[in-house]
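Encoded as structure tokens, the structure appears first; notes follow it.
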Amino acid sequence: MTPTSPNPPASATATIPLLYRIILLYIEPLSAINGALMVFFQPAKYAAMMTRATVPYDAPSQYLYTQIGSGWLHFAFIEAVILRLYDDLRLWKLLCAGMLLSDAGYSWSVIQGVGGWSQWIKIGEWEASDWTLFLATVPLAVIRVLVLLQSTAGTREGKVKVDEKRK
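Residue numbers for the sequence shown follow this note's numbering, beginning at -10 and rising by one.
Rendered as structure tokens:
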């Protein structure tokens, strides 16, 4: 059973600013694919980046890196395919909320990777990799929060962009 609403869905493209849509539909999926390729093919580099090179890559744990990369491929698919097919603000908000849960877990892992909060809060000691991880995560999470805060006042109905004959 699907949730129903007495009102037609609000349009994501009419509500969400163009800059946010460009980032969510084009930039972040490419970034997620890049991250997936890194953990699949350069896991030692990823481990060094996450831990300030204090924890060496351990080949028997490759399955964990594969799991991380698969999650990023899932992000890329949601943003590059699903969000393009459905112009429904409610769906966009639900997917962004789910991605925020992943962002929170990933951010926690970054903090753990550098030795916990006591090390992470020393911003003056951050290395280039710390800034890279921060800038690759926080601005995108902020955009997702902003999508969740979008008002539907004055927007048009959302449309499914897939061909109706395929149903």
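We treat Cβ as the ideally placed atom computed from N, Cα and C, and that holds for glycine.
If you run the structure through DSSP and keep just helix, strand and coil, what is Gly105? coil
Hey, could you find the ends of the alpha helix (DSSP H) Lys111 is sitting in? Counting along the chain, Lys111 falls outside any alpha helix (DSSP H), and DSSP gives it neither H nor E.
Please confirm if the region 14 to 29 is in contact with the region 56 to 73, defined as three or more CB-CB distances below 8 Å between the two stretches. yes
Could you check what DSSP says for Tyr46 in three-state terms: helix, strand or coil? coil
Return the first residue and the last residue of the alpha helix (DSSP H) that Ile12 is part of. Premise fails: Ile12 is in no alpha helix (DSSP H) and is neither H nor E.
So, using beta-carbon positions, are Pro32 and Tyr52 closer together than 8 Å? no
Measure from the alpha carbon of Asn(-4) to the alpha carbon of each residue in Leu74, Pro49, Leu78 and Val44, then state which is nearest. Leu78
Applying the criterion that 16 or more other CB atoms from any shown protein chain within 10 Å of the CB defines a buried residue, is Ile11 buried or exposed? exposed
For my contact list, Ile5 and Val136 are in at a C-beta cut-off of 8 Å; report their separation, rounded to the angstrom. 6 Å
DSSP puts Tyr52 in a beta bridge; with which residues? The partner list for Tyr52 (beta bridge, DSSP) is empty, contrary to what the question assumes.
Starting from Ala36, trace the alpha helix (DSSP H) in both directions and tell me its first and last residue. Pro32 to Thr40
Specify, as a first and last residue, the run of the alpha helix (DSSP H) that Val134 falls within. Ala117 to Leu137
Do the CB positions of Thr2 and Asp76 come within less than 8 Å of each other? yes
Using only the alpha-carbon positions, how far apart do Phe29 and Met39 sit? 15 Å
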